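Residue numbers (our numbering): 5 to 466.
First up is the structure itself, then whatever we jot down about it.
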Amino acid sequence: MQEQTRACPSALRRFHQSRPRTLQRQLSRYVFIFIFKNVAPNAAHHQPLAVTYSEAIDWLYELRLLGSKLGLKNPRALAAHAGNPHERLRFTHVAGTNGKGSVCAMLESICREAGMKTGLFTSPHLLSFRERIQVNRQPVSEAQVVRLVECLQALMRNFPADRLPTFFEVVTVMALEHFAREEVDIVLWETGLGGRLDATNIVTPLASVITPIDLDHQQYLGYSLEQIAAEKAGIIKPGIPVFSAPQETPAEAVLQEHARQANASLTITAGEEPVALLGRHQRQNAALAKRVAQAVWPEIAEATITNGLAKVQWAARAQCFEMGDRKVVIDAAHNPASAEAFADVLQEDFAGQRPTLLLGMLADKNWDSNVATLAPLAGRVVCVPVNSERGLNPDQLAIAARAHCAEVECAGSVSAGWELVRSEPLVAVTGSLYLIGEVMDSLGLADAIDEPNLNEWKISKT
């Protein structure tokens, strides 16, 4: 028998069911607040109905309309209402511009190889919301998501309508609650945006880890390396050791000063280590992960670390699929530094080959720089739209690509673009997680792309 769980108030649930899916994507933040203020309180005393996974995801989708508010007041309050589950857990906290998820995945693989029960929290997700919260690399189940959403719906009633927790704040506390229930030994904890004011920054970790810092999300974090580094350095805690990848001089100076003020040791880790993931940048990430593991868990044997790095898996990071005599390599590169890293992979691991590039990007990214880095390596570029409110018109992408590649064309959809390139011997797919997800679906490599739009977000102005 299907497990029965409690849900959001019945009146709010009737609202969910009464409107078409397209309408929920047009609702403003203020309509959402109006509903919580006027409908939810009046329904609070009604008997809750059972909620399905689909309804739980719909509820999370509604939270997106609140935007993404930077600050720790709400996540601390929400965690407190949940009983402060993070106080029963141990963390390594990872910030940075590129490589955060990869380093978390490497540390998770090392810890699991050492016999620990691991929690992994990363964002955004590729195909399913459940990827964000994993125990021993198993995504949280649909039934567990339902129970967690039920819990958070109840906790949300403690907040005034004009200060409701946002999607990421809610998901952060969902993850903490899940990991505490599962009694994991260690949580590999990735920041969402920045660090200083990120919802993940309510924890006190065993170590703070900072991957390479570069320009991204400048409209939120600052327009210089120093400003962005200061936001990332916000995860540094008094007396907690800090481990960093090599940084540009301005960024490293900021980290040094923050560590000094916090009386925290700072270790800059250079070099490379063998790892299952392609690319020099991943070997550098592996060196950082190894150094953290050696310092935090000195009892872990060298062979265990080596085996963990050899077994790590991390989707859509220079991931290669072989289909007969054809290869498709997919990478989530979406900013200049990650595009350069992917270009290095193409030149190093696919030397002598000119791939066909299937490219789709978001308009709020530094897309012209990515095109200038990747298009010269391609024999052909096919530009496609991505299924996002922030998607870039492929015609604009094509104009930029024609300055670097002789053969450039556009397709009206990702599926149409895939049909144009699918017979090529080497296809490189990059530019956006949205694009990657749709292509993986076309390749039959995804069970379902059930919640891609949960990755949509913007900073709230209130």
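Each residue gets a CB set at the ideal place from its N, CA and C atoms; glycine is no exception.
Since the structure is predicted, the reported quantities are computational estimates derived from the model, not experimental observations.
Terminal residues of the alpha helix (DSSP H) in which residue i lies
i, result
"residue 176", "171-186"
"residue 233", "229-236"
"residue 407", "Unbroken run through residue 407: none, as it is neither H nor E."
"residue 368", "Here residue 368 belongs to no alpha helix (DSSP H), and DSSP marks it neither H nor E."
"residue 343", "340-353"
"residue 223", "222-225"
Assigned secondary structure, residue i (DSSP; H/G/I helix, E/B strand, else coil)
i, result
"residue 362", "strand"
"residue 90", "helix"
"residue 125", "strand"
"residue 419", "helix"
"residue 269", "coil"
"residue 146", "helix"
"residue 449", "coil"
"residue 331", "strand"
"residue 301", "coil"
"residue 85", "helix"
"residue 193", "strand"
"residue 441", "helix"
"residue 428", "coil"
"residue 105", "helix"
"residue 312", "helix"
"residue 253", "helix"
"residue 377", "helix"
"residue 433", "strand"
"residue 261", "helix"
"residue 277", "coil"
"residue 306", "helix"
"residue 59", "helix"
"residue 393", "coil"
"residue 337", "coil"
"residue 218", "coil"
"residue 160", "helix"
"residue 296", "helix"
"residue 204", "helix"
"residue 44", "With a pLDDT of only 45 at residue 44, under the threshold of 50, the placement of this residue in the model should not be trusted, and no figure is reported."
"residue 398", "helix"
"residue 79", "helix"
"residue 357", "coil"
First and last residue of the uninterrupted beta strand (DSSP E) at residue i
i, result
"residue 327", "323-327"
"residue 211", "211-214"
"residue 138", "137-139"
"residue 387", "384-387"
"residue 247", "246-248"
"residue 98", "95-99"
7 Å CB neighbourhood of residue i in its chain, flanking five on each side removed
i, result
"residue 260", "270"
"residue 115", "122, 190"
"residue 35", "Interpretation of residue 35 is limited by its pLDDT of 46, a score under 50 that renders its predicted location unreliable; no figure is taken from the coordinates."
"residue 3", "The requested residue 3 does not occur in the structure, where the chain is confined to residues 5 to 466."
"residue 357", "430"
"residue 440", "130, 320, 334, 336, 433"
"residue 367", "394, 395, 396"
"residue 22", "With a pLDDT of only 34 at residue 22, under the threshold of 50, the placement of this residue in the model should not be trusted, and no figure is reported."
"residue 90", "83, 180, 206, 207"
Residue i: CB within 7 Å of a non-hydrogen atom of the ligand ADP
i, result
"residue 349", "Of the ligands one can find in the structure shown there are none, so the ligand ADP has no counterpart to examine."
Cut-off 8 Å between Cβ atoms - residues of its own chain near residue i, not counting five sequence neighbours on either side
i, result
"residue 253", "none"
"residue 325", "331, 332, 333, 334, 447, 449"
"residue 167", "78"
Cβ separation of residue i and residue j, assumed to be a contact under 8 Å, to the nearest whole Å
i, j, result
"residue 174", "residue 60", "11 Å between Cβ atoms; not a contact."
"residue 233", "residue 217", "5 Å"
"residue 199", "residue 236", "5 Å"
"residue 300", "residue 362", "So it is not a contact: roughly 40 Å between Cβ atoms."
"residue 374", "residue 438", "With a Cβ gap of about 15 Å, residue 374 and residue 438 do not count as contacting."
"residue 177", "residue 55", "Residue 177 to residue 55, Cβ: 18 Å. No contact."
"residue 247", "residue 211", "6 Å"
"residue 110", "residue 349", "With 8 Å as the limit, residue 110 and residue 349 do not qualify as a contact, their Cβ atoms being about 17 Å apart."
"residue 273", "residue 295", "4 Å"
"residue 385", "residue 379", "5 Å"
"residue 76", "residue 239", "In fact, because the Cβ distance is near 12 Å, the residues do not count as touching under 8 Å."
"residue 381", "residue 347", "6 Å"
"residue 263", "residue 229", "17 Å between Cβ atoms; not a contact."
Beta-bridge partners of residue i, as assigned by DSSP
i, result
"residue 320", "Looking at the DSSP assignment, residue 320 forms no beta bridge with any residue, so it has no partner."
"residue 66", "Its beta-bridge partners do not exist; DSSP assigns none."
"residue 154", "Note: residue 154 sits in no beta bridge, so no partner."
"residue 413", "386"
Cut-off 6 Å between Cβ atoms - residues of its own chain near residue i, not counting five sequence neighbours on either side
i, result
"residue 428", "360"
"residue 98", "104, 107, 108, 194, 213"
"residue 113", "312, 315, 316"
"residue 203", "79, 172, 173, 176"
"residue 341", "102, 218"
"residue 289", "103, 106, 107"
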